[in-house]
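Numbering (our numbering), first residue to last: 23 to 745.
Ideal placement from N, C-alpha and C gives every residue a C-beta, glycine not left out.
In this text the structure is predicted, and so the values were computed from the model without any measurement.
See below for the structure under consideration.
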């Protein structure tokens, strides 16, 4: 029996920044795969074994001549596609016959300014043309990846899967199936509990290859519906613990998405994009000459830590954030009155707040839900008509905005314009609402169809018109609820949802075009729509609905793995009954992102106000480090967030490496020994402080910041500079 080995060769290799993108080809099949590895680890890449014919457990099947060659490490195709009527494995559409039929035809490199785009062209025998795009911007630490498919036939073709990215060959630093070496990283996310980090060995996820390398082992996860972070953040990472290398990916999409970690032989593969037919009820019928492009994925690989790989991914938002209104460069602080009036704002209370708040340096005063309630006794159940309540605002919202502006603040307002509550007159406009299987979506409310031009015209008048006429400089977009698996109006429920989400994005772009000065906050029951695409469209995001809870510092620190701190709006709710330590605990947490005050500031004592004013002043001083820097998480490890024990710290280094911001919190039972926080190499000196210490002072010794522990639930913020 002759030995047969498929020839795996390097088609092309590109060094882009500190990363290498290597395209491998199996000539016999014309299959092209993409693997990434750090430039610093190029010499550690090894030649993988070709087959597993020498494994004892398969000798009998080899001798029986059922198989002569069992491959050990075959590159997977860099685009995964599935078409109706073509075969696939039961538990996944990955590796479908449609993907196997893709044949490499050519590759092109396009350079425009600082951007390099590598296009890989593939052709399916059924007439579909597929192009994979890998985009790199000079100086950045990530790639953007997406795929497009075009129907070149004279008949309609149904596509049931189209990946945004598909990486193969993890890890390239070992010859065999690498037991005990690879870990999978993910971020769980729930309402008021965003960003829990899971770090699991691939073996724990049952991702070991089978004894015969037959069939995929799959770990698939994602989110179905119109809130991308209901259960998971759209991120996956894989770590090679021995080589200290991380691969990471984000999906930039606000609708249904999926990630798949797969294994068929020695290597781990990663794939992600739109949720497919099996997972997200999606398929697309491509008519002749029609094309479809996947959402973008953000990819990176690095030698370093989990903090490093996640921040490389979040840095992809910086370019878009820099195009937000110029005032955002100043990191302005804000006050949102939600935890002040709890849905019953009035002109008089807002005017009083504005007069008092000017001493804090806060720039925005945001009117939250309830300004449109039909009756002054109602809270916020009438959204949809967007007509101000005349009892709460007897002179109209414009007069309230003028009163706020007269105190030197910029007025802001809350909208939840994507849905309509039962109390609104607009609730009866059912012909413009989303439906599923012919029935209106009614999970407590109805949802506008953003594919409908009438809806865009209506909201342009009621939302954009009000913002413009009243002189608002800030809009908080909230979104409570989800449309679920999909909607009518397209060939599949998932495709209807995809088109609707595109309409929502386009309306936000319309707002930005017509009101370029407007600062837009992305909120969805707190942090359930913090996907990369929404965070590129909006200036800020609500980190969570954990308004007053003790886990705020934990969630706020998690956000450093998910979005840029300069976009992460962190609540500090101020109450008359708060101790000075509690106020400091809350204010210290805002230094993990964007400072957002709420509560009863105007009712605080003079001593309490002094603590708040000092916190705001310190925040303003250190905000450049929050805006532009690199974070590293430390601590004792916290399991329960509702009943946290121990301590945590985030060390943020300024971009130029000359300053540090250390934000630390103790929780229950932190111990009696000083907190020992490791600092970057060099000699550091404390330049400023905002903390809960009453007796002892922190010190820098042997490369560590030592913070004495004097109690539970204390907050500490220190600015350090090089000596």
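Collapsing the DSSP output to three states places residue 623 in a helix.
Assignment of beta strand (DSSP E) within the stretch 29–83, counting only whole runs of 3 or more residues, yields 30–38, 41–48, 53–60 in chain order. Exposed is the label assigned to residue 83, since fewer than 16 other Cβ atoms lie within 10 Å of its Cβ. Secondary structure within the stretch 346–407: the alpha helix (DSSP H) runs of 4 or more consecutive residues, fully enclosed, are 360–363, 369–379 (chain order). Under the DSSP assignment, residue 120 falls in the alpha helix (DSSP H) whose first and last residues are 119–122.
Taking 8 Å as the cut-off, the beta carbon of residue 299 is found no closer than this to the beta carbon of residue 381. Its chain contains 166, 167, 168, 186, 187, 271, 272, 273, 274, 294, 295 as the residues whose beta carbon lies nearer than 8 Å to that of residue 319, once the 5 sequence neighbours on both sides are disregarded; these appear in chain order. The DSSP-derived three-state label of residue 128 is strand. In this structure, residue 415 lies away from residue 407, with their beta-carbon atoms at least 8 Å apart. Here residue 464 is exposed, its C-beta having fewer than 16 other C-beta atoms within 10 Å. In this structure, the alpha-carbon of residue 234 lies about 11 Å from that of residue 73.
When the five nearest sequence neighbours on each side are left out, the beta carbons in the same chain lying within less than 6 Å of the beta carbon of residue 574 are those of 568, 611, in order along the chain.
Runs of the beta strand (DSSP E) spanning 3 or more residues and lying entirely within the stretch 415–489 occur at 432–437, in chain order.
Residue 154 and residue 325 have their C-alpha atoms spaced approximately 26 Å apart. Put simply, the stretch 602–611 touches the stretch 729–737. At least three CB pairs are less than 8 Å apart. Annotated three-state conformation of residue 95 is coil, per DSSP.
Beta-carbon to beta-carbon, residue 59 and residue 142 are separated by about 18 Å, too far to satisfy the 8 Å threshold. For residue 241, the enclosing beta strand (DSSP E) stretches over residues 239–245.
Remark: fewer than three beta-carbon pairs, one from each stretch, lie closer than 8 Å, so the stretch 516–531 and the stretch 227–243 are not flagged as touching.
Around residue 503, the same chain offers 441, 465, 466, 467 as residues with beta carbons nearer than 7 Å, after the five sequence neighbours per side are excluded.
DSSP places residue 647 in the helix class (H, G or I) of the three-state scheme. Out of 662, 640, 672, the CA that lies nearest to the CA of residue 651 is found in 672. Remark: C-beta atoms of residue 101 and residue 152 approach each other more closely than 8 Å. Across the set 375, 367, 278, 140, the C-alpha of 375 shows the shortest separation from the C-alpha of residue 625.
Going by beta carbons, residue 404 and residue 445 fall inside the 8 Å limit. For the stretch 196–262, the full-length beta strand (DSSP E) segments reaching 3 residues or more read 204–212, 215–223, 239–245, 257–262 along the chain.
Taking every protein chain shown into account, the CB of residue 582 has 16 or more other CB atoms within 10 angstroms, so this residue is buried. The secondary-structure analysis by DSSP pairs residue 307 across a beta bridge with 180. CA-CA distance, residue 199 to residue 290, rounds to 9 Å. Contact between residue 648 and residue 353 holds, since their C-beta atoms are separated by about 7 Å, short of 8 Å. Secondary-structure assignment with DSSP links residue 188 through a beta bridge to 293. The beta carbon of residue 140 lies closer than 6 Å to those of 131, 156 in the same chain, with the five residues before and after it left out. Across the structure, residue 688 and residue 193 are spaced so that their CA atoms are roughly 38 Å apart. About 6 Å separates the beta carbon of residue 362 from that of residue 622, a gap short enough to meet the 8 Å contact definition. Taking 8 Å as the cut-off, the Cβ atoms of residue 537 and residue 490 count as close. Closest by C-alpha distance to residue 570, out of 409, 685, 627, 607, is 607.
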